[in-house]
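K.L.:
Here you go, one structure.
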Amino acid sequence: MVAIDHTLVSDEVFTECFCCDLAHCKGCCCVEGDAGAPLEEAELTLLDRYYPYFKPYMSEEGIEVVERLGELFEVLPIDGSFVTPLIRRRECAYLVYDDNGMALCAIEKAFMAGALPIKPGEDAFRKPVSCHLFPIRITSYPDYDAVNYFRWDICKDAMRLGRKKQIPVFRFLKEPLIRKYGPDWFAQAEAYYEAFLKK
Numbered sequence: 107m108v109a110i111d112h113t114l115v116s117d118e119v120f121t122e123c124f125c126c127d128l129a130h131c132k133g134c135c136c137v138e139g140d141a142g143a144p145l146e147e148a149e150l151t152l153l154d155r156y157y158p159y160f161k162p163y164m165s166e167e168g169i170e171v172v173e174r175l176g177e178l179f180e181v182l183p184i185d186g187s188f189v190t191p192l193i194r195r196r197e198c199a200y201l202v203y204d205d206n207g208m209a210l211c212a213i214e215k216a217f218m219a220g221a222l223p224i225k226p227g228e229d230a231f232r233k234p235v236s237c238h239l240f241p242i243r244i245t246s247y248p249d250y251d252a253v254n255y256f257r258w259d260i261c262k263d264a265m266r267l268g269r270k271k272q273i274p275v276f277r278f279l280k281e282p283l284i285r286k287y288g289p290d291w292f293a294q295a296e297a298y299y300e301a302f303l304k305k
């Protein structure tokens, strides 16, 4: 583990390689699993604010799920954490498929189309940060965040492509890590990685 500001980062974030290979996996991380994507409490307000703008990009099933639920999130009974709702307890309610069967995020599609009205001085809400950060998973504790690489068999193509291109996990996730922790944090991560290579 390496300490960067108020985080403890797993060595695997630096030693393992990763690069999404959507041509092979078709975005199946948005489909597989036993719960929705983790949501930060602040994101619940953003979902509510932007729902009218990204709703037209959602599937009919996704709209039906959130409107039947009456909320844009679910609460896990095991620990009270917030997650995205699921369709048939499987795919994310915000998932849509393109003509090639690729799983896409309706929120991100709306963001990329410029459909989300961003207030001056406000960070853009591209999609939930946990989705943006995958395959990194963050567990928050009172004094620090644990930043870990989540190894999943469905991502074997991404692992293979990452090794081929020699892209460590943290560099593949540069944009979301800066979104989460800022550029100074990422600069420290780069410095650690360069020192690690020299060893």
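First residue of the sequence shown: 107, per the numbering used here; consecutive thereafter. Every residue, glycine too, gets a C-beta built ideally from N, C-alpha and C.
Is the region 158–177 in contact with the region 188–201, if contact means three or more CB pairs nearer than 8 Å?
P.N.:
Yes: the two stretches touch, three or more of their Cβ pairs being nearer than 8 Å.
K.L.:
Sort ASN254, ALA148, GLU180 and ALA143 by Cα distance to VAL108 and report the nearest one.
P.N.:
Considering only alpha carbons, the answer is ASN254.
K.L.:
Less than 8 Å between C-beta atoms, sequence neighbours within five positions excluded: which residues of the same chain meet that for GLN272?
P.N.:
So the qualifying residues of the chain are CYS123.
K.L.:
Write down the C-beta distance between LEU178 and TYR159 rounded to the nearest angstrom, noting that I regard them as a contact closer than 8 Å.
P.N.:
About 13 Å; that fails the 8 Å criterion.
K.L.:
Under a three-way DSSP split, which group does ASP259 fall into?
P.N.:
In this structure, ASP259 counts as helix in the three-state DSSP scheme.
K.L.:
Along the chain, where does the alpha helix (DSSP H) that runs through TYR287 open and close?
P.N.:
Counting along the chain, the alpha helix (DSSP H) containing TYR287 begins and ends at 280–287.
K.L.:
To the nearest angstrom, report how far apart GLY133 and ALA209 are at their CA atoms.
P.N.:
When rounded, the distance between both Cα atoms is 5 Å.
K.L.:
Is the distance from the Cβ of VAL119 to the Cβ of VAL235 below 7 Å?
P.N.:
No, they are not a contact pair.
K.L.:
Does the count of Cβ pairs from the region 169–176 and the region 248–263 closer than 8 Å reach three?
P.N.:
Segments in contact, no.
K.L.:
Taking just the CA atoms, how far does ARG195 sit from LYS233?
P.N.:
Each residue's alpha carbon lies about 20 Å from the other.
K.L.:
So, at 7 Å on beta carbons, what are the nonlocal neighbours of LEU152 in its own chain, with the 5 sequence-adjacent residues on each side left out?
P.N.:
Closer than 7 Å at Cβ, skipping near neighbours: PHE231.
K.L.:
If we ignore side chains and look at the alpha-carbon of each, how far apart do ILE284 and ARG269 end up?
P.N.:
Roughly 23 Å between the two C-alpha positions.
K.L.:
Roughly how many whole angstroms lie between the Cα atoms of TYR298 and ASP205?
P.N.:
Answer to the nearest angstrom: the Cα atoms are 42 Å apart.
K.L.:
Find the nearest neighbour of ILE169 within the set GLU147, LEU192 and LEU182, judged by alpha-carbon distance.
P.N.:
Nearest option by C-alpha distance: LEU192.
K.L.:
Can you name, in chain order, every residue of its own chain whose Cβ lies under 6 Å from the Cβ of PHE256, other than the five neighbours on each side?
P.N.:
Closer than 6 Å at the Cβ level, and outside the excluded window around PHE256, lie PRO241 and ARG243.
K.L.:
Looking at the unbroken beta strand (DSSP E) that takes in THR236, where does it start and where does it end?
P.N.:
A quick correction: the sequence has Ser, not Thr, at residue 236. Taken as a continuous stretch (DSSP letters only), SER236 belongs to no beta strand (DSSP E), being part of the alpha helix (DSSP H) at 235–239.
K.L.:
Whether or not the region 179–191 and the region 136–145 are in contact is what I'm after, with contact meaning three or more pairs of Cβ atoms, one per stretch, closer than 8 Å; do they touch?
P.N.:
Short answer: they touch.
K.L.:
Classify ILE110 as buried or exposed, calling it buried when 16 or more other Cβ atoms lie within 10 Å of its own Cβ.
P.N.:
Burial call: buried.
K.L.:
By a C-beta neighbour count over all protein chains shown, 10 Å radius and 16 as the cutoff for buried, is THR245 buried or exposed?
P.N.:
Flag for THR245 reads exposed.
K.L.:
Give the straight-line distance between the Cα atoms of CYS307 and ALA212, rounded to the nearest whole angstrom.
P.N.:
As displayed, the chain neither begins before 107 nor continues past 305, which places residue 307 out of reach and without an answer.
K.L.:
For MET218, count the other beta carbons within 10 Å of its own beta carbon; 16 or more makes it buried, fewer makes it exposed. Which is it?
P.N.:
Per the 10 Å Cβ criterion, exposed.
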